[in-house]
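Per this note's numbering, the sequence shown starts with residue 576, numbered consecutively. The beta carbon of each residue, even a glycine, is placed where N, CA and C say it ideally should be. Values in this document were obtained by computation on a predicted structure and should not be read as measured data. Before any comments, here is the structure.
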Amino acid sequence: MQDLIPVTINHFDYKYSYELFHSPNNAEEAMQEQWETSHFPLMNDYTGDFSPDAHIMTNSSPKKCPVTVVFVDANFPNRKSGDPSFFELESIATFLPNACIIIQTSRCSFHNALPVAEEMNLSLEHSIYLRMVTMVEEETHEMMERGQVRVTFLNHEKYNLDACDDFSSFSSRALLNVNYWRDEFHEKDSNSVIIVRKGAVLCHRLDVEKYIEYAFVAAPLTSRNEKIFGGSDYCNALKTLWKTSVVNSSIPSSSSLLDEKNAMANILQSCLEGVGPMPINESFSMFHREKVLEAIQTCPHEQYSGLEMNQLSQQNRSCVWHQGIDSSLYFSTILAVMGARLPTGVVASLFSTNEIWPEQALEMYGGPFFNYKRQLLASKYNCIYKGANVKTRTGREVKRTVPISLHVPLDTTNGDEFQKRELLSHDVVEQCPFI
């Protein structure tokens, strides 16, 4: 019989590793290494050899990354020791050891330079990098040494962000811009890109190859949105969103892949397959770069696409996404209309969960009927079906499946009942050691 309990790391194991890494001897060695550092790896490039053997990294003939993780945090250089951001990054380094990591941040308000930076006459950028090397946890530090991490500073004006150190509009603006997907990645970067925002933490190993067939994956829309509860409601909501959010171009409908008849047929097919709508503003999401570029070029946002809209008809665009319409379901809508491959609501919930568990996603979007089939599905994605006892908002204890990624609130002491009772339940914390 197939083993349905994936091997993982528990909270006790990680606590031991953390205390060992931060022991006085290790701290002294790290400080000595810091003072002796006289050069740095290229901050804007990778130097590692991204072979299938993560533990055998060389510094020659760099290969293409199997997956690129973009860790987005405008204030990351100023984070203090013990900040959740370092553990969020450490969870990526632990469960995605083969990845390339881009720490995408800002330099405009950096104020925590180490004394040694001035003595070494370092630039602002390298001062930031030095502090990161000093502050990150063990696995992240090793990835930096292996040349798997690069640091970039996002141009907020280029992507219409609110300020140089305010990336709150990143998802609704930068991700809709073709130039972001073209300019922020190297030829060594993967077509599979995971965007991580503050608050996302990995709980289990992520096998990227199980998701590469999808154009976009993120936590499914929660039941708190009264417009969508799965099934026919989801179909009707996407159809309405498509009709109200886009305007057809001057191209005759017969030559357009996205005429209304085709669009409605593709949305219906997506619904029949159990696909759940996924907002782009989730803290953990995965994109296929080529598909995302195709979606933006096919139906660009009126203001944030980075394309010259006056050339719309010349470049054979099929539609335009209206400014003023909520863009959180932009990719879920456009990619569904294009007939792109998208995950079911249940598969998406096993990938990432915000406020609904996979069991609730099964109720909303449908899925395997028999428990054994559900166990097989969860095990396929390295999750344990109903492997955690949690207390609900009403205090009732139920069994839940801890997904690959959880969204951890910035302040878990003053959150709602979901945060207090469910997210921080003993079993969840044991399965998700970086919370």
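Query, Result
"Rounded Cβ spacing between V921 and G942 (contact assumed at less than 8 Å)", "4 Å"
"Sub-8 Å separation of L910 and A790 beta-carbons", "yes"
"C-alpha distance - T643 paired with I979, whole-angstrom precision", "17 Å"
"For T680, the nearest candidate out of Y809, R654, E784 and L697 (CA to CA)", "R654"
"Counted within 10 angstroms of its Cβ, other Cβ atoms place T987 as buried (16 or more) or exposed", "Caution is warranted here: a pLDDT of 49 is assigned to T987, below 50, making its placement in the model unreliable, and the coordinate value is therefore given only provisionally. Classification of T987: exposed, given that the 10 Å Cβ count is below 16."
"Whether I855 touches C810 by CB criterion (8 Å)", "no"
"L899 versus L781: straight-line alpha-carbon distance, rounded", "Residue identity check: residue 899 is Gly in the sequence provided, not Leu. Approximately 36 Å, taken between the alpha carbons."
"Cutoff 7 Å; reference W756; Cβ partners in own chain excluding five residues on either side", "R864, V867 and L868"
"Any non-hydrogen atom of the ligand PLP within 7 Å of E784 CB", "Annotation note on the ligand PLP: not contained in the displayed structure, which lists no ligands."
"Residue nearest to N766 in terms of C-alpha spacing, selected from H897, S924, C640 and V776", "C640"
"Residue interval of the alpha helix (DSSP H) (run including R864)", "R864 to T873"
"Residue burial classification, D620 (beta-carbon count within 10 angstroms, cutoff 16)", "exposed"
"Other residues of its chain near Q983: CB distance less than 8 Å, five sequence neighbours each side excluded", "The question names Gln, but residue 983 in the sequence shown is Val. Answer for V983: P659, E663, G774, A775, V776, L998 and I1010, listed in chain order."
"Whether M853 touches K814 by CB criterion (8 Å)", "no"
"Cβ separation of S702 and A688, assumed to be a contact under 8 Å, to the nearest whole Å", "5 Å"
"Own chain partners of N837 with C-beta closer than 6 Å, once the 5 adjacent residues on each side are dropped", "none"
"Residue burial classification, E759 (beta-carbon count within 10 angstroms, cutoff 16)", "buried"
"Spatial neighbours of D764 in its chain, beta-carbon cut-off 7 Å, leaving aside the 5 residues before and after", "C640, T643 and C675"
"L751 vs H897 beta-carbon contact at 8 Å", "no"
"Span of the beta strand (DSSP E) around Q679", "C675 to T680"
"Per DSSP, the bridge partner or partners of S767", "H863"
"K733 - containing beta strand (DSSP E), residue span", "Note, K733: premise wrong, no beta strand (DSSP E); not H, not E."
"Reference L705, options M695, E714 and E713, closest by Cα", "M695"
"Where the alpha helix (DSSP H) through F906 begins and ends", "Y905 to M913"
"For V768 and N673, the rounded distance between their alpha carbons", "13 Å"
"Alpha-carbon to alpha-carbon, V753 and C958", "34 Å"
"Within 8 Å, strictly: CB atoms of G849 and L796", "no"
"Whole-angstrom distance between V821 and V895, CA atom to CA atom", "5 Å"
"Span separating the alpha-carbon of S636 from that of H761", "With a pLDDT of 45 at S636, under the threshold of 50, the modelled position of this residue cannot be trusted; read the value that follows with caution. Cα to Cα, S636 sits roughly 15 Å from H761."
"Buried versus exposed, by CB contacts within 10 Å (16 or more), H731", "buried"
"Touch test, the segment 968 to 977 against the segment 924 to 933, Cβ-Cβ under 8 Å, three pairs minimum", "yes"
"Strand pairing of D741, partner residues [DSSP]", "A738"
"T919 beta carbon less than 8 Å from that of Y940", "yes"
"Length of the line joining the Cα atoms of C739 and E700", "15 Å"
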